[in-house]
Amino acid sequence: MPAPAHPASLTVTGLDQHYGSAQVLRNVGFSVAPGTCLAVLGRNGAGKTTLLRCLTGLIPVTRGTVTLDDVDFTRQPCDRRARSGLALVPQGREIFADLSVAENLRVAARAHGLDRSGAVDDAVSLFPALRDLWHRPGGNLSGGQQQQLAMARALATRPRVLLLDEPTEGIQPSIVSAIEGVIAGLQGRVTVVLVEQYLAFAIRLADAFVVLSRGAVVEQGLRQDLNHDAVSRHIAV
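Going by my numbering, the first residue of the sequence shown is number 55, and it counts up by one from there.
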């Protein structure tokens, strides 16, 4: 997969988010260096998915800033963020169920003004099993196959920052290994924010980590500084 123009830095400062009167994110802040992987950890309900939705502009923030390579995108719409190189692989995958594998990928590349054949071929080279499913509707794929398609679709846009929301959830071990290999291969070429509950998987890939609890950052640092006992307390159900 050819590298994008360059991986971007991502900085979040003092981020608050509310659903009505309920505060979901509380003064969240972190920085991700270009080409590195940040793991965002925490149990269900900690605010991880809400954070990614704020980063993509799917939901508004109450307070704080989101910057991509020092450009403030806090109030920018989703499409502008996407054109600037931000791509999300959402929890639940959200592929186009009625479109074939090939069509899912071509739509993504075309929406970003990319050469469809080149961008799609590059993405599929990372998930070669998709070639055997080329004309199959996305809705007829297994969960693991859909996850590979969702990741390939995001990569077909040649992102500078890739946001992954629990990519291992409900996936068989062999496909988890394939996904891990792809994420590892992006190091230095794409900035990755990985939301994950599977601690061992996340830490094998991450250069740094942030732990959320009740919408606030309670632990953060470099991978080598991670205290497994402290982090596990905030992940265990």
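Ideal Cβ placement from N, Cα and C applies to all residues, glycine included.
Spatially closest choice to residue i from the options, by CA coordinates
i	options	result
A87	R214, I233 and V174	R214
Y252	C91, A238, R97 and G68	R97
S154	Q274, P191 and P227	P191
R287	V66, L266 and G275	L266
P144	S85, L109 and R164	L109
L105	H60, C91 and V249	V249
R137	A165, D152, I149 and L195	A165
T211	I225, L142, A93 and V94	L142
E157	L184, L140, R134 and D133	L184
N81	C132, L92, G101 and T90	G101
Backbone secondary structure at residue i - three-state DSSP
i	result
V244	coil
D68	The sequence shown places Gly at residue 68, rather than the Asp named in the question. If DSSP states are grouped into helix, strand and coil, G68 belongs with the strands.
V271	strand
L112	coil
G193	helix
A100	coil
L140	strand
D152	coil
L276	strand
A210	coil
L180	coil
A290	coil
A62	coil
Delimiting residues of the beta strand (DSSP E) encompassing residue i
i	result
L216	V215 to D219
R80	A76 to V86
T121	R117 to L122
A93	C91 to L95
Unbroken alpha helix (DSSP H) run spanning residue i, endpoints
i	result
F255	L253 to L259
Whole-Å CB distance - residue i paired with residue j, under 8 Å assumed
i	j	result
V271	G146	With a Cβ gap of about 25 Å, V271 and G146 do not count as contacting.
M205	P221	7 Å
Min CB distance residue i to chain B below 9 Å
i	result
E148	As a matter of chain content, chain B is missing from the structure shown, which is built from one protein chain.
Inter-stretch contact at 8 Å, needing at least 3 Cβ pairs: the stretch 64–79 / the stretch 104–121: yes
Given 8 Å, three or more beta-carbon pairs between the stretch 115–132 and the stretch 172–179: Segments in contact, no.
Touch test, the stretch 241–261 against the stretch 204–222, Cβ-Cβ under 8 Å, three pairs minimum: yes
At least three beta-carbon pairs within less than 8 Å, the stretch 156–163 to the stretch 222–238: no
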